[in-house]
Amino acid sequence: MLKTRVIPCLQLIGESLVKTVKFKNPAYIGDPINTVRIFNELEVDELCFLDIRASEEGREPPFEILQQISNECFMPLSYGGGVKDFETAKKIFSIGFEKIVINTQAFHQLDFITQLSTHFGAQAVVASIDAKKNFFGKYSVFINDGTQKIDLDVVEWAKKLEQAGAGEILITSMDREGTWSGFDIELTKKISQAVGVPVIANGGAGSVGDIEEVVKKGEASAVCLGSMVVFQQKGMGVLVSFPDKKKLREVLK
Amino acid sequence: MNDVITIIDYGMGNLGSIQNMFKRIKVESEITGDIEKIKRSTKILLPGVGAFDAAMERIAEKGLKEVLDKKALEEKIPVMGICLGMQLLTRSSEEGKLPGLGWLQADTLKFNLPNPSLKIPHMGWNYVHGKNPGLLIENLPADPQFYFVHSYHVQCHNPNDVLTTTQYGIEFHSIIQHQNIYGAQFHPEKSHKFGMKIFENFARL
Amino acid sequence: MTEGITTGQEKNPLVERINGKQICTRCIYDESIPAIKFDEKGVCNYCHMVDSLIEEYHTGKPEGEKIIQKIIEKIKADGKGKKYDCVIGLSGGTDSSYMVYWALQNGLRPLAVHYDNTWNTAIATENIRKVLSKLNVDLFTLVVNNKEADDIFRSFFLADVPEIEASTDLALAETMYRAANKYKVKYVLEGHSFIAEGISPLGKNYFDGKYIKSIHKKFGSMPMKTYPLMTFSKFIKWTTIKRIQKIRPLWYIQYSKEEARAFLEKEFGWEYYGGHHLENRMTAFNHSYYFPEKFHIDYRNNSLSASVRSGQMKRSDALEEYYNTSPYLEPELVAYFKKRLGFTDESFNAIMKRPPKYWYEYPTYKKRFELLRPFFYLLMKSHLVPRSFYMKYCFPIE
């Protein structure tokens, strides 16, 4: 049967690999190429790179690094961060990436999703939503690396993105990110039940148990891991790793 | 030592990644859409990403159908189609209206899965199960699994042509072979050590 | 096997030669090793140094065990009320990995420390992960910005000097001190074993903070912002003011690298990288290519001699390996080095062909260390600097 995808999600700021907590305080993790080599040796199934400041800083994606990453990897790669137009997306695909992740630009121009999906196929387009719980327990949507709140209901927005042609929805909990406290099951489930496309849960993974929970209870089709793959433990030093594959296989049966 | 693998460039598919993997396993490969070069080839890889009709149109536009037919059916050199490339080997596809290359007794069908939790496309890593032996699948690492992305699947009419099947709602044919014609539904170039072994075996044929 | 061995009573002393060079009758060091001397039995002074260290530290004997137990008690006492009582530097290699296990067996509460020079391989990070997760030990890491690390490596390559790994070694030492200081820990445990590793030849290789700074100033192009440079004042701060001690348990206890490795493999699923330093690509490049090709140094004689001295290997086998095989070079390693540091084949080859330069051609702290010898003698007596540091840094090198 199809394996549940467990995807290391690596944050870039330009050419450096970093990791944030709740979208703040990026800590330096290391050289992206060497880190990719380690994941290659660990034979992870898929990698996702997000340049978290590209949109906010009005920057282009770091094409040179992406090319080097693509040359090193023999598994599917996705990239997100500052992709605003068709030419940029085309360039990223030609570098060798399978999927593009769009967040901010989808809000400014929803038919950009449609354009990409029609030309490259829906399976190549991942729509990303960053959400934070407000005081009343309702979810608000943010763009520009979590700095700008927009007035949309998170479930309605997910549906719109699916209708526009997104092949997958990446849902990130801003509250949980970097905290090792487990995924936001409620948020993930809300989205999974509202759309027909696969939903990737992101933000808060701390253990294999968390992964199991968000897949079984949150109905996620895939999960992203952030802090778990770059730190030894919560609050401790940098160490690139991946959860034990046997253990994962057991819980995700 | 090995032949040079001719990777057919008809404008669809990520040829760089494929060539990259051949480089990694130290097999020489050449990306080309040039009829003369294809005429001289001794081993062909037919890639493909996208829609069936668009691919068949491109192949016709570039005038490649004749030379490909000759290499595959007359000269019978080893030819492998991957992903959409495997589907092009069949007679027809439910995705489009145009006929395929028709090099084996097989057709391409849409995934029709009653279970709503099984989403289309079939996307991600899945396992292959051996049905018939073949040089292409010799000595694969334990627990062979590959990266798939497709909404349509191939059905061979001759069960001897099926080397492996894969489970996704139904049991579909994931690796096929008929004499010198080979097909793999997944992306070997994205399936790290497993894909490398498939390419290695193909290079050694 | 090897040709040209002539043994005989030339004059009185026993002299054994290989390819015309005199070699030690006990280990496999030959006359080309800097500062080497042979006695009447043909045994070299490095073997004698190991012998005298064993005598002084009672290595592997009950007295040695007693001494280290006393030190352990002191570490525990000083660590009361603190989160950790000692700090252990980890590279992913055998000795340091074993140290962590040994520390826990003896009731200590260590913090593992790693300096990531961004050239690690998955073997190293996986070994670190396996050992620490099974033993439930916390990890402190300092990761240098990869561009800064590369800038320093490039500077050393451009400077034609052998100490291309100096920046990593010194940074690990500084990182361990910083971690110890952060958690108010007074003891740094080092997995150095003079029996397992031998005594490295004195003379041609040397490094300190000023040396690194000088090379970087001349050939580097990026300011050092994340790189943890140990300046002289920092060194004095850690040793004299913070009084952080350096302890080397393997100098006292019975230890065999081969047995340790077998144990780690069995207990933790630890993976051996084959003695080819493949835990870090810069180390691998250094030992497999840079040293042999540019400086005509084959450092395998160091660990091979150590294995022979400790009885782990037959001398004839060591000679066979050393003279009849070359250091293993991972394919693609040199290409990776060139690509990452931005050298074309031409520029790389040109630099490799240039004549070597040595540390005494650049500014260092060496003279200062020599002048302050009495002061460092006292520090050594209090375990604040290792004995090997005192011997190597505070005495002039011929």
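Chains as they are written, first to last, in the working numbering: chain A, 8 to 260; chain B, -7 to 197; chain C, 943 to 1340. All residues carry an ideal CB built from backbone N, CA and C; glycine is no exception.
Asked: Kindly say whether residue 245(A), judged by its beta-carbon, lies nearer than 8 Å to any beta-carbon of chain B.; Found: no
Asked: Who are the near neighbours of residue 131(B) in its chain, counting only those whose CB is closer than 8 Å to its CB and skipping five residues on each side?; Found: 189, 193
Asked: Using a Cβ-Cβ cutoff of less than 6 Å, which residues in the same chain neighbour residue 1056(C) once the five nearest sequence positions on both sides are dropped?; Found: 1032, 1083
Asked: Under the assumption that residue 27(B) contacts residue 59(B) (Cβ atoms under 8 Å), give the Cβ distance between them as a whole number of angstroms.; Found: 5 Å
Asked: Ends of the beta strand (DSSP E) at residue 12(A)?; Found: 12 to 20
Asked: Looking at chain B, which residues of the stretch 112 to 140 of chain A have a Cβ within less than 7 Å of any of its Cβ atoms?; Found: 128, 130
Asked: Closest to residue 184(B) by C-alpha separation, out of 67(A), 181(A), 57(A), 82(A), would be which residue?; Found: 82(A)
Asked: I'd like to know if the stretch 155 to 170 of chain B and the stretch 967 to 983 of chain C are in contact, where contact means that at least 3 CB-CB pairs between them fall below 8 Å.; Found: no
Asked: Leaving out five residues before and five after residue 1034(C) in sequence, what residues of the same chain have Cβ atoms less than 6 Å from its Cβ?; Found: 1066, 1069, 1070, 1221
Asked: Just tell me which of 1232(C), 1104(C), 1004(C), 1253(C) has its CA closest to the CA of residue 1303(C).; Found: 1104(C)
Asked: Listed from N- to C-terminal order along the chain, which residues in the stretch 35 to 62 of chain A have their beta-carbon within a distance smaller than 7 Å of any beta-carbon of chain C?; Found: 35, 36, 37, 38, 41, 45, 48, 49
Asked: For a minimum of 4 consecutive residues, which ranges assigned as the alpha helix (DSSP H) are wholly contained in the stretch 14 to 38 of chain B?; Found: 27 to 31
Asked: If we define contact as Cβ-Cβ less than 8 Å, is residue 21(A) a contact residue for chain B?; Found: no
Asked: Excluding the five sequence neighbours on either side, which residues of its own chain have a C-beta within less than 6 Å of the C-beta of residue 136(B), listed in chain order?; Found: 120, 186
Asked: Which of helix, strand or coil does DSSP assign to residue 188(A)?; Found: coil
Asked: If you measure from the beta carbon of residue 15(A) to each beta carbon in chain B, is any gap under 8 Å?; Found: no
Asked: Look up residue 1378(C) in the DSSP assignment and say whether it is helix, strand or coil.; Found: No answer is possible for residue 1378(C): it lies beyond the span of chain C, which begins at 943 and ends at 1340.
Asked: Grouping DSSP H, G and I as helix and E and B as strand, with all else coil, what is residue 184(B)?; Found: helix
Asked: Among the candidates 1020(C), 1052(C), 1098(C), whose CA atom is the shortest distance from the CA of residue 1077(C)?; Found: 1052(C)
Asked: Starting from residue 167(B), follow its DSSP beta bridges and name the residues at the other end.; Found: 156(B), 176(B)
Asked: Grouping DSSP H, G and I as helix and E and B as strand, with all else coil, what is residue 224(A)?; Found: coil
Asked: Answer with buried or exposed for residue 39(A), where buried requires no fewer than 16 other C-beta atoms within 10 angstroms of its C-beta.; Found: buried
Asked: Any idea what DSSP makes of residue 1020(C), helix, strand or coil?; Found: helix
Asked: Taking the beta strand (DSSP E) that residue 159(A) falls in, what are its first and last residues?; Found: 155 to 160
Asked: What do you get for residue 146(A), buried or exposed, if any count of 16 or more other CB atoms within 10 angstroms of its CB means buried?; Found: buried
Asked: If distances are taken between C-alpha atoms only, which option among 126(B), 39(B), 88(B) comes closest to residue 172(B)?; Found: 126(B)
Asked: Which one of 173(A), 185(A), 54(A) has the shortest CA to CA distance from residue 206(A)?; Found: 173(A)
Asked: Quick check on the DSSP output: the beta strand (DSSP E) that includes residue 146(A) runs from which residue to which?; Found: 146 to 150
Asked: Given residue 995(C), which residues of its chain have a CB within under 6 Å of its CB, disregarding the five upstream and five downstream residues?; Found: 1136
Asked: Any beta carbon from chain B within less than 8 Å of residue 70(A)'s own beta carbon?; Found: no
Asked: Give a yes or no on whether 8 Å exceeds the smallest Cβ distance from residue 1082(C) to chain A.; Found: yes
Asked: Based on Cα-Cα distance, which residue from 138(B), 122(B), 107(B) lies nearest to residue 153(B)?; Found: 122(B)
Asked: Using a threshold of 8 Å, state whether the C-beta atoms of residue 170(B) and residue 142(B) are closer than that.; Found: no
Asked: Name the residues in the stretch 201 to 233 of chain A whose C-beta lies less than 9 Å from a C-beta of chain B; which are they?; Found: 203, 204, 205, 226, 228, 229
Asked: Using a beta-carbon distance cut-off of less than 8 Å, what residues from the stretch -3 to 24 of chain B approach chain A?; Found: 6, 8, 9, 12, 13, 16
Asked: Here's the rule I'm using: 16 or more other beta-carbon atoms within 10 Å means buried, otherwise exposed. How should residue 115(A) be labelled?; Found: exposed
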